[in-house]
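**Student:** Taken in order, the sequence shown gives residues 0 to 181; the numbers are from numbering that gives the first Met the number 0. We put the CB at the ideal spot given by N, CA and C, even for glycine. Predicted, not measured: the structure shown is a model, and the values here were computed from it.
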Amino acid sequence: MAIQSIRLFGDPVLRTPAAPVVDFDKELRKLVKDLTDTMMDAPGAGLAAPQIGVGLRVFTYYVDEQLGHLINPDLDLSSELDEEGEEGCLSFPGLAFPTPRAIRAVAKGFNMHGEPVMLEGTDLMARCFQHETDHLDGILFIDRMDPKQRKLAMKAVREAEWSGLSAPVVKFSPHATGGRAL
Ligand SMILES: [Zn+2]
């Protein structure tokens, strides 16, 4: 097990676009393992490499008991939206807010061995693919909320006990009531 500390909102790494993976080597396989271990420990439904301070386009997911990872993802989204679904983020411990997302997503990319993979997800899986791919572009779920919801979310962020504690050594174990965060 190689559990890493999860970066919190306020850490600049979460706003930095990640670079595409070029070398499908041993180091990449270790990164996938670290992401998987850290996500399962949190526990979370998804985790992107920038959330553990690594600027590479890699994420892991654990949704509907399906565990996996995707590298250099490219998404194709349905125009049909789920406007009301609640979404959380491991970089915003304990918080969840309605966040509009496409209901279906096809995610193309590669596995850690460099083989092309195509994943198709609906509902929470589709939401996870969008949330994690956003992380790789430096986009956070608060950016996807409508302005009124974002205002409420930012108020909750400012009032959260972890607010301002973006040092990477700080580790939190969120106890979310509404399922796993992403
Ligand atoms: Zn997140």
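Within 10 angstroms of its Cβ, does G120 collect 16 or more other Cβ (buried), or is it exposed?
**Tutor:** The residue is buried, with at least 16 neighbouring Cβ atoms inside 10 Å.
**Student:** Count the CB pairs spanning the stretch 77-91 and the stretch 101-113 that are closer than 8 Å, and state whether there are at least three.
**Tutor:** Touching, per the Cβ criterion.
**Student:** Based on the DSSP secondary-structure assignment, which residues constitute the bridge partners of C127?
**Tutor:** Note: C127 sits in no beta bridge, so no partner.
**Student:** To the nearest angstrom, report how far apart V53 and S78 are at their CA atoms.
**Tutor:** Those two C-alpha atoms are separated by around 31 Å.
**Student:** Just tell me which of R56, L74, A1 and V21 has its CA closest to the CA of K29.
**Tutor:** Of the listed residues, the one whose Cα sits closest to K29 is A1.
**Student:** Cβ atoms of T15 and G137: under 9 Å apart, would you say?
**Tutor:** It is a contact, given that the beta carbons lie within the stated cut-off.
**Student:** Using the three-state DSSP reduction, which class does L118 fall into: helix, strand or coil?
**Tutor:** In this structure, L118 counts as strand in the three-state DSSP scheme.
**Student:** With distance defined between alpha-carbon atoms, name the residue in G108, F96, M39 and R6 nearest to M117.
**Tutor:** Taking only the C-alpha atoms, the option nearest M117 is G108.
**Student:** Cα separation between I70 and A106?
**Tutor:** About 10 Å.
**Student:** When you measure from the CB of L30 to every non-hydrogen atom of ligand 1, does any distance come out below 8 Å?
**Tutor:** Every heavy atom of ligand 1 is 8 Å or more from the Cβ of L30, so no.
**Student:** Runs of 3 residues minimum, wholly inside the stretch 59-118: which ones carry the beta strand (DSSP E) assignment?
**Tutor:** Correct list: 65-76, 85-88, 91-97 and 103-109.
**Student:** Comparing C-alpha positions only, which one of E26, A17, T59 and V21 sits nearest to A180?
**Tutor:** Of the candidates E26, A17, T59 and V21, the one whose C-alpha sits nearest the C-alpha of A180 is T59.
**Student:** Nearest to L135 by alpha carbon, out of V156, L74 and D63?
**Tutor:** That would be L74, whose Cα lies nearest to the Cα of L135.
**Student:** Taking 8 Å as the cut-off, is the CB of G45 close to at least one heavy atom of ligand 1?
**Tutor:** Yes, the Cβ of G45 comes within 8 Å of a heavy atom of ligand 1.
**Student:** Name the residue from H68, D22 and D133 whose alpha carbon lies nearest to the alpha carbon of N110.
**Tutor:** Of the listed residues, the one whose Cα sits closest to N110 is H68.
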